[in-house]
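Just add 4 to wherever you are in the sequence shown, counting from 1, and you've got the working numbering.
Using N, Cα and C, we set each Cβ at its ideal position, and we do this for glycine too.
Computed from a predicted model, the values in this text were never measured in an experiment.
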Amino acid sequence: MEEAYKDRTSLVKGAKDIAKEVKRQAVKKVNKAVDKAQDGYTQRSYNRFQDEEDDDDYYVQGGNYGVEANDDEGSSEATEGHDEDDEIYEGEYQGIPNMGQGKDGMVALGQPMRDEYKDRHELETERKADEEELAQQYELIIQECGHGRFQWALFFVLGMALMADGVEVFVVGFVLPSAETDMCIPNSGSGWLGDIVYLGMMVGAFFWGGLADKVGRRQSLLICMSVNGFFAFLSSFVQGYGFFLFCRLFSGFGIGGAVPIVFSYFSEVLAREKRGEHLSWLCMFWMIGGIYASAMAWAIIPHYGWSFSMGSAYQFHSWRVFVIVCALPCVSSVVALTFMPESPRFLLEVGKHDEAWMILKQIHDTNMRARGQPEKVFTVNRIKTPKQIDELIEIESDTGTWYRRCFVRIRTELYGIWLTFMRCFNYPVKDNTIKLTAVWFTLSFGYYGLSVWFPDVIKHLQSDEYASRVKHFRNEEVSHFVFNFTLENQIHTNGEYINDRFIMMKFKSVTFEDSLFKNCVFEDITSLNTYFRNCTFINTTFYNTDLEQYKFVDSELINCTFFHIRTGCQISFDDDYSAYWIYFVNFLGTLAVLPGNIVSALLMDRIGRLTMLGGSMVLSGISCFFLWFGTSESMMIGMLCLYNGLTISAWNSLDVITVELYPTDRRATGFGFLNALCKAAAVLGNLIFGSLVGITKAIPILLASTVLVCGGLVGLRLPDTRTQVLM
């Protein structure tokens with residue numbers, strides 16, 4: 005019996021070897037036939053029509069197309085031509101059972117080996133060959149579909165999502181001064197608002213990018229934009245600073261997925277000769293988002309009449325209206341995305357042939373009708389789909405609870421995202437990932453670091469000028485006098501105020517030092533940056549003022565009374581003397597990007613991505629260096645506009661190169677990782693550059709200039725993707 009078992013085992017092994025050799029020879033013949041057919045297919049430019057009497061044709065929604073039955077292709081179950089379980093194998097006549105399937109499955113001598121007999125390396129090799137064939141065929145299909153109404157509709161829909169990302173970056177800087185005052189945020193906590201948004205965007209870019217390669221571009225973009233819109237809208241109503249940070253964190257987490265998904269999505273419906281130009285035009289929406297945020301801040305935040313309060317606990321000021329208005333692009337993109345289809349390239353990648361074919365036909369028919377050629381038929385009959393390698397996941401469906409199954413599913417999806425991310429460091433994309441990491445980090449560190457630092461520099465210069473105009477009053481003696489006017493930017497030292505009345509006044513940046521107030525009355529007082537240091541108050545009455553205890557520094561109050569003291573922080577645009585100027589500076593800096601966007605779009609496919617990337621980063625570094633010599637506000641603003649105009653070309657070319665260097669199954673994941681790195685570099689640049697404001701401007705400017713030049717030189721070492729199909 006033992007010998008019979010050995011003979012049986014050797015027969016099984018021999019059958020497998022024979023089947024493997026037959027499969028290898030069959031694959032070679034099929035590849036030659038496919039290459040020959042594809043060459044003829046290309047030369048005829050798809051000018052073929054199906055024979056209406058062909059027995060293999062079948063109808064789908066009124067249109068007919070032939071599909072070849074192929075075990076290696078990802079046809080859906082609805083179009084399967086046969087059941088693999090019914091196949092008869094040669095080994096069955098020899099009495100050799102299949103060791104993997106028992107009596108149900110048998111090895112067929114002279115037939116291609118079934119997938120269960122192949123190891124993972126063989127399956128991945130076949131999948132890679134299928135992907136290469138699909139890349140060439142898909143490029144021809146997109147060319148036949150043409151560039152027209154469908155691409156332009158998707159262009160504006162995805163542009164709204166990209167616009168929302170630009171708004172999210174700018175809204176924090178515009179809201180921060182008003183939010184600090186409204187929520188009484190101390191100086192030690194004010195920096196958290198800017199950092200928390202970038203932290204959320206960093207995590208969101210990695211997560212949503214990886215999810216887009218698992219469940220699809222459209223679905224992931226819909227979810228992430230919905231998360232952003234919900235929490236952005238909610239943040240405009242919350243009162244506590246901690247809850248406000250929480251909402252902005254998740255708002256940033258949602259919008260973090262916009263950039264990697266938008267560019268991956270749009271690139272997959274563009275032909276090679278259109279890809280560089282139209283992706284660059286798409287980048288213009290980020291600039292529009294910045295202009296929109298600047299204009300809305302300029303128009304809304306200063307108008308504090310657009311506010312209401314419900315007692316002293318709930319205050320809804322105009323900056324909260326601005327936050328709601330800034331959520332409108334996100335809401336618009338979510339609504340419009342519901343009418344857009346999934347990326348057909350992604351569907352083919354995951355084996356959903358029929359769905360992808362229908363979407364490609366929709367693209368073709370939409371564009372042909374817009375051209376006035378509705379009679380033109382979509383002639384594609386067969387699309388290659390890569391071999392699907394199943395990942396078996398065991399979930400406790402019988403004994404596990406529902407939350408246990410959800411936990412296992414979430415953990416599995418996260419693990420799948422991590423595995424896809426690790427594949428970005430496998431051959432042949434490993435070197436490209438490392439180089440792209442260096443370029444993304446250096447460009448982000450220099451750009452975002454200076455962008456966040458620059459308004460602080462302008463404000464610091466204005467503060468220095470404001471402080472230089474301060475008025476000093478010493479040894480004043482004022483008695484029986486009524487003060488009913490505004491005091492601004494003054495320092496009063498060693499003064500004596502006897503029987504004086506301070507009525508309906510505004511104190512702006514006023515300090516009283518070593519002064520005496522006796523038998524005085526303070527009524528209807530509003531103050532900002534006003535303090536009483538080492539002063540003495542005797543028999544003084546305070547009625548309806550905002551002079552809280554923290555404004556009396558080392559002061560002594562003797563027999564004083566307080567009535568109706570206004571607690572909290574009082575906000576008034578008149579107090580923020582530089583707000584208009586900051587909005588205007590950001591508006592000019594964002595508008596300066598327009599010429600760079602136009603130039604990069606027109607030249608992207610002419611001079612190449614690498615030349616534009618390296619040249620733009622080097623020139624940006626040089627222009628950044630000249631900021632060192634800016635001694636006036638106007639000169640600094642002019643150099644900022646030049647810097648932004650040069651940098652945008654580098655951003656556009658880097659976006660195009662990134663989507664073209666990664667294959668479809670990890671395109672959004674790789675882009676998401678690099679975009680997350682971009683936000684990390686922005687936080688690092690903010691911390692480093694912000695700590696040097698008011699101390700020195702040489703170090704941050706020289707640092708930004710150096711990293712930009714070095715990053716540009718690394719970018720020149722990337723492969724040129726101008727003539728490549730989308731892999």
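CB-CB length for Ile-502 against Glu-517, believed under 8 Å
Indexing the sequence shown from 1 puts residue 502 at position 498. Indexing the sequence shown from 1 puts residue 517 at position 513. About 18 Å separates the two Cβ atoms, so there is no contact after all.
Straight-line CA distance for Leu-730 to Trp-323?
Here residue 730 is taken as the residue at index 726 of the sequence shown, counted from 1. Here residue 323 is taken as the residue at index 319 of the sequence shown, counted from 1. CA-CA distance, Leu-730 to Trp-323, rounds to 44 Å.
Exposure label - Tyr-647; buried when at least 16 CB within 10 Å:
Here residue 647 refers to the residue found at position 643 when the sequence shown is read from its first residue. That one is buried.
C-alpha gap between Lys-475 and Asn-493, whole angstroms
For this step, residue 475 is matched to residue 471 along the sequence shown. For this step, residue 493 is matched to residue 489 along the sequence shown. Our two residues, Lys-475 and Asn-493, have alpha carbons roughly 7 Å apart in a direct line.
Within 10 angstroms of its Cβ, does Cys-410 collect 16 or more other Cβ (buried), or is it exposed?
Working through the sequence shown from its first residue, we reach residue 410 at position 406. Exposed, since its Cβ has fewer than 16 Cβ neighbours within 10 Å.
Assign Asn-232 to one of two classes, buried (16 or more other C-beta atoms within 10 Å of its C-beta) or exposed (fewer than that).
Residue 232 sits at position 228 when you count from the first residue of the sequence shown. Buried, by the Cβ-count rule.
Bridge partners - Leu-532, DSSP secondary structure assignment:
By 1-based counting over the sequence shown, the position of residue 532 is 528. Bridge partners of Leu-532: Lys-512.
Enclosing alpha helix (DSSP H) for Tyr-666 [first to last residue]:
Within the sequence shown, numbered from 1, the residue matching residue 666 stands at position 662. Secondary structure note for Tyr-666: it is in no alpha helix (DSSP H), with a DSSP letter that is neither H nor E.
Helix, strand or coil: which one does DSSP assign to Leu-730?
Locating residue 730 in the sequence shown gives position 726, counting from the first residue. Three-state DSSP puts Leu-730 in coil, outside helix and strand.
Would you mind sorting Tyr-407 into buried or exposed? The rule is 16 or more other CB atoms within 10 Å of its CB.
Taking the sequence shown and counting its residues from 1, one reaches residue 407 at position 403. Label assigned to Tyr-407: exposed.
According to DSSP, is Arg-537 part of a helix, a strand, or is it coil?
For the purposes of this step, residue 537 is taken as the residue at position 533 of the sequence shown. In the structure shown, Arg-537 sits in a strand (DSSP, three-state: E or B).
Where His-476 sits in the DSSP three-state scheme:
Here residue 476 refers to the residue found at position 472 of the sequence shown. In the structure shown, His-476 sits in a strand (DSSP, three-state: E or B).
How many angstroms separate the CA atom of Phe-541 from the CA atom of Ser-513?
The residue labelled residue 541 in the question sits at position 537 within the sequence shown. The residue labelled residue 513 in the question sits at position 509 within the sequence shown. Between Phe-541 and Ser-513, the alpha-carbon positions lie close to 20 Å from each other.
Grab me the residues of Tyr-666's own chain with a C-beta within less than 6 Å of its C-beta, minus the 5 sequence neighbours each way, in chain order.
The sequence position of residue 666 within the sequence shown is 662, counting from 1. Within the same chain, Tyr-666 has close Cβ partners Gly-674.
Which term fits Ala-82, buried or exposed, when burial requires 16 or more other beta carbons within 10 angstroms of its beta carbon?
Mapped onto the sequence shown, residue 82 falls at position 78. Any answer about Ala-82 is weak, because its pLDDT of 37 lies below 50 and its placement is not dependable; what the coordinates show is given next. By the 10 Å Cβ count, Ala-82 comes out exposed.
Alpha-carbon to alpha-carbon, Phe-425 and Ala-297
Residue mapping note: residue 297 aligns to position 293 of the sequence shown, counting from 1. Residue mapping note: residue 425 aligns to position 421 of the sequence shown, counting from 1. Cα-Cα distance, rounded: 34 Å.
How about the segment 707-722 and the segment 434-454: do they share at least three Cβ pairs that are nearer than 8 Å?
With the cut-off at 8 Å, the segment 707-722 and the segment 434-454 touch.
Identify which residue in Ala-157, Phe-247, Met-300 has its Cα closest to the Cα of Val-273.
Counting from one through the sequence shown, the residue named residue 273 turns up at place 269. Comparing C-alpha distances from Val-273 to each of Ala-157, Phe-247, Met-300 shows the shortest one belongs to Ala-157.
Between Ile-705 and Phe-629, is the Cβ-Cβ spacing less than 8 Å?
Here residue 705 corresponds to residue number 701 of the sequence shown, with the count starting at 1. Here residue 629 corresponds to residue number 625 of the sequence shown, with the count starting at 1. In this structure, Ile-705 sits near Phe-629, with a CB-CB distance shorter than 8 Å.
Rounded to the nearest angstrom, what separates Arg-153 and Val-663 at their Cα positions?
What you label residue 153 is simply residue 149 of the sequence shown in a count that begins at 1. What you label residue 663 is simply residue 659 of the sequence shown in a count that begins at 1. For the pair Arg-153 and Val-663, the Cα-to-Cα distance works out to about 23 Å.
Quick one: grab the DSSP three-state call for Arg-386.
One-based indexing of the sequence shown puts residue 386 at position 382. In this structure, Arg-386 counts as coil in the three-state DSSP scheme.
Contacting residues, own chain, Cβ-Cβ under 7 Å from Ser-337 (five flanking each side not counted):
Here residue 337 corresponds to residue number 333 of the sequence shown, with the count starting at 1. For Ser-337, the CB contacts under 7 Å within the same chain, skipping 5 residues up- and downstream, are Val-161, Met-164, Ala-165, Ala-168, Met-229 in chain order.
Name the DSSP bridge partner or partners of Thr-549?
Numbered from 1 along the sequence shown, position 545 holds the residue referred to as residue 549. In the DSSP assignment, the residues bridged to Thr-549 are Ile-529.
Report yes or no: do three or more beta-carbon pairs, one from the segment 650-657 and one from the segment 618-628, lie closer than 8 Å?
The segment 650-657 is in contact with the segment 618-628.
Residues in the same chain with beta-carbon distance under 8 Å from Asp-528, minus the five sequence neighbours each way, listed in chain order, please.
Taking the first residue of the sequence shown as position 1, residue 528 is located at position 524. If we look at Asp-528 and ignore the five residues flanking it on each side, its Cβ neighbours are Ile-507, Met-508, Met-509, Tyr-547, Asn-548, Thr-549.
Given that a residue counts as buried once 16 or more other Cβ atoms are within 10 Å of its Cβ, and exposed if not, what is Leu-440?
The sequence position of residue 440 within the sequence shown is 436, counting from 1. With 16 or more other Cβ atoms within 10 Å, it is buried.
Taking all protein chains shown into account, decide if Leu-283 is buried (16 or more other Cβ within 10 angstroms of its Cβ) or exposed.
Counted from its first residue, the sequence shown places residue 283 at position 279. The residue in question, Leu-283, is buried, as its Cβ has 16 or more Cβ neighbours within 10 Å.
Does the beta-carbon of Lys-388 have 16 or more other beta-carbons within 10 angstroms, so that it is buried, or is it exposed?
Within the sequence shown, residue 388 is the residue found at index 384, counting from 1. Under this definition Lys-388 is a buried residue.
In terms of alpha-carbon separation, which member of Ala-262, Met-205, Trp-212, Arg-222 lies closest to Met-344?
Residue 344 sits at position 340 when you count from the first residue of the sequence shown. It is Arg-222 whose Cα lies nearest to the Cα of Met-344.
Residues bridged to Val-207 (per DSSP)
As a working mapping, residue 207 is identified with position 203 in the sequence shown. By DSSP's assignment, Val-207 forms no beta bridge with any residue.
Applying the criterion that 16 or more other CB atoms from any shown protein chain within 10 Å of the CB defines a buried residue, is Met-608 buried or exposed?
Taking the first residue of the sequence shown as position 1, residue 608 is located at position 604. So Met-608 ends up on the buried side.
Under the assumption that Val-747 contacts Leu-658 (Cβ atoms under 8 Å), give the Cβ distance between them as a whole number of angstroms.
Outside the displayed span of the chain (5 to 731) sits residue 747, for which this structure offers no information.
May I ask you to report which of helix, strand or coil DSSP gives Phe-247?
Mapped onto the sequence shown, residue 247 falls at position 243. DSSP places Phe-247 within a helical segment (H, G or I) once states are collapsed to three.
Would you report the Cα separation of Ile-259 and Ser-519, rounded to the nearest angstrom?
Here the question's residue 259 lines up with position 255 in the sequence shown. Here the question's residue 519 lines up with position 515 in the sequence shown. Between Ile-259 and Ser-519, the alpha-carbon positions lie close to 53 Å from each other.
Would you call the CB atoms of Ile-438 and Ala-275 closer than 8 Å?
Along the sequence shown, one-based indexing puts residue 438 at 434. Along the sequence shown, one-based indexing puts residue 275 at 271. Taking the C-beta atoms as reference points, Ala-275 is found no nearer than 8 Å to Ile-438.
C-beta contact flag for Gly-453 and Ala-708 at 8 Å
Working through the sequence shown from its first residue, we reach residue 453 at position 449. Working through the sequence shown from its first residue, we reach residue 708 at position 704. Contact: yes.
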